[in-house]
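Student: Have a look at this one before I ask anything.
Residue numbers (this note's numbering), protein chains in the order written: chain C, 260 to 324; chain E, 39 to 310.
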């Protein structure tokens with residue numbers, strides 16, 4: 260199924276969730292924060308299945324003032 | 039101890055330093071250490087999903103030492119600023135950092151001036167307060183906007199000295215002092231932090247001398263030729279301004295007043 264991750268189209272297997280997505284990008288859940296369709300997802304819910312067309316944002320901290 | 043209270047947060051160093059725009063992470067670390075700051079600001083951005091080899095900022099910040107203050111830089115609507123605030127808080131909660139729960143709110147008007155949008159800032163402040171945030175709101179030096187933002191529930195108002203990264207210093211000290219006067223009326227402890235525009239040490243001193251509770255800066259240190267040395271200068275400048283403010287400066291007078299007595303002079307004095 261096709262989803263959007265950080266603004267880019269991404270083909271992922273059916274049943275994918277945020278955990279599997281983070282794993283695919285070699286990211287650890289405690290070093291990122293995640294939004295699904297513009298709403299924050301708490302870590303406990305990272306196992307919930309994603310749906311086709313979902314928009315995921317994976318963010319972290321960068322230098323800023 | 040000269041403690042600064044911002045909502046439930048307490049800090050003992052009044053210089054807030056940004057982590058952006060350093061040539062290297064190591065230079066940033068040296069500058070932060072030299073500034074003696076306790077609070078550092080960070081931005082929330084998309085994780086780089088391709089060629090992720092560079093280490094992240096979090097690897098270079100001692101999270102047990104610094105209180106992280108996440109900003110909403112790059113947000114031009116209240117809605118986006120709220121999203122970014124929630125993401126920042128979530129990240130800090132995961133890190134167990136004391137900064138989880140406060141935010142440096144920026145709702146900007148346009149990319150060229152980066153001046154704050156007062157209406158968006160006000161909207162976002164109200165929402166974030168409802169969400170339980172301690173809001174430190176970046177605003178212009180307009181005293182009335184500052185008062186409105188305080189009334190909306192901000193824990194601190196942060197008027198700009200001049201545009202972000204411009205290095206122009208405190209362009210309108212009168213407005214900043216009016217912000218201070220109005221915000222602190224019957225509420226002396228209300229924290230006001232001058233944010234943005236600092237170019238060099240004297241800018242920090244001026245802000246503190248007129249009664250600001252703290253100064254937030256980034257570019258002035260990060261883009262100095264020697265960031266660590268400039269950070270040291272900023273640290274001393276802050277102390278100088280704070281001490282001068284607390285000491286109670288003399289009023290400005292039109293004419294001279296001699297420091298040496300005239301009584302007993304042996305000299306000719308004009309007009310006498």
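Ideal Cβ positions, reconstructed from N, Cα and C, are used throughout, including at glycine.
Any idea what DSSP makes of residue 176(E), helix, strand or coil?
Tutor: Reduced to three states, the DSSP call for residue 176(E) is strand.
Student: Name the DSSP bridge partner or partners of residue 267(C)?
Tutor: DSSP, once it has assigned bridges, lists 264(C) as partnering residue 267(C).
Student: Could you tell me the distance, in whole angstroms, from the CA atom of residue 301(C) to the CA atom of residue 282(E)?
Tutor: Approximately 47 Å between the Cα atoms of the pair.
Student: What in chain E is Cβ-close to residue 262(C), meaning under 9 Å?
Tutor: Result: empty, since nearest Cβ-Cβ is about 13 Å, beyond 9 Å.
Student: Taking 8 Å as the threshold (C-beta atoms), are residue 246(E) and residue 258(E) in contact?
Tutor: Not in contact: residue 258(E) and residue 246(E) (Cβ atoms no closer than 8 Å).
Student: Out of 118(E), 286(E) and 235(E), which one is the CA nearest neighbour of residue 161(E)?
Tutor: Among 118(E), 286(E) and 235(E), the Cα nearest to that of residue 161(E) belongs to 118(E).
Student: Is it true that the stretch 185-197 of chain E meets the stretch 157-174 of chain E, where meeting means three or more beta-carbon pairs spaced less than 8 Å apart?
Tutor: Output reads yes: the stretch 157-174 of chain E touches the stretch 185-197 of chain E.
Student: First and last residue of the beta strand (DSSP E) that includes residue 48(E)?
Tutor: Residues 47-49.
Student: Measure the alpha-carbon distance for residue 78(E) versus residue 210(E) and round it to whole angstroms.
Tutor: If you take the alpha carbons of residue 78(E) and residue 210(E), they lie about 26 Å apart.
Student: Using beta carbons (cut-off 8 Å, strictly below), is residue 294(C) in contact with chain E?
Tutor: It does; some Cβ of chain E falls within 8 Å.
Student: In chain E, which residues lie with their C-beta within 8 Å of the C-beta of residue 317(C)?
Tutor: Correct list: 84, 85 and 87.
Student: Contact check, residue 82(E) vs residue 126(E) under 8 Å by CB: the rounded distance?
Tutor: Right, the Cβ-Cβ distance comes to about 5 Å (below 8 Å), so this counts as a contact.
Student: Any contact between the stretch 97-111 of chain E and the stretch 290-309 of chain E? By contact I mean 3 or more CB pairs, one from each, below 8 Å.
Tutor: The stretch 97-111 of chain E, when compared against the stretch 290-309 of chain E, does not touch it at the 8 Å Cβ threshold.
Student: Given that residue 60(E) touches chain C, what residues does it touch there, using C-beta distances under 7 Å?
Tutor: Result: 322.
Student: Could you work out which residues of chain E lie near residue 291(C), taking near to mean beta carbons separated by less than 8 Å?
Tutor: Ordered by position in chain E, the residues that pass the 8 Å Cβ test against residue 291(C) are 85 and 129.
Student: With a threshold of 7 Å on Cβ separation, who are the neighbours of residue 303(C) within its own chain once the five nearest residues in sequence on each side are excluded?
Tutor: Counting only Cβ-Cβ distances below 7 Å, and skipping sequence neighbours, we find nothing.
Student: Going by C-alpha distance, which of 287(E), 43(E), 169(E) and 266(E) is nearest residue 30(E)?
Tutor: Here chain E covers residues 39 to 310 and nothing more, so residue 30(E) does not appear.
Student: Can you confirm whether residue 309(C), when its beta carbon is compared against all beta carbons of chain A, has any partner nearer than 8 Å?
Tutor: Considering every chain present, this structure includes no chain A. Its protein chains are C and E.
Student: Given that residue 80(E) touches chain C, what residues does it touch there, using C-beta distances under 8 Å?
Tutor: 320, 321, 322 and 323, listed in chain order.
Student: What residue range does the alpha helix (DSSP H) around residue 247(E) cover?
Tutor: Unbroken alpha helix (DSSP H) run through residue 247(E): 239-247.
Student: Helix, strand or coil: how does DSSP classify residue 233(E) here?
Tutor: The answer is strand: DSSP assigns residue 233(E) an E or B state.
Student: Which residues share a DSSP beta bridge with residue 142(E)?
Tutor: Answer by DSSP bridge pairing, in chain order: 109(E) and 174(E).
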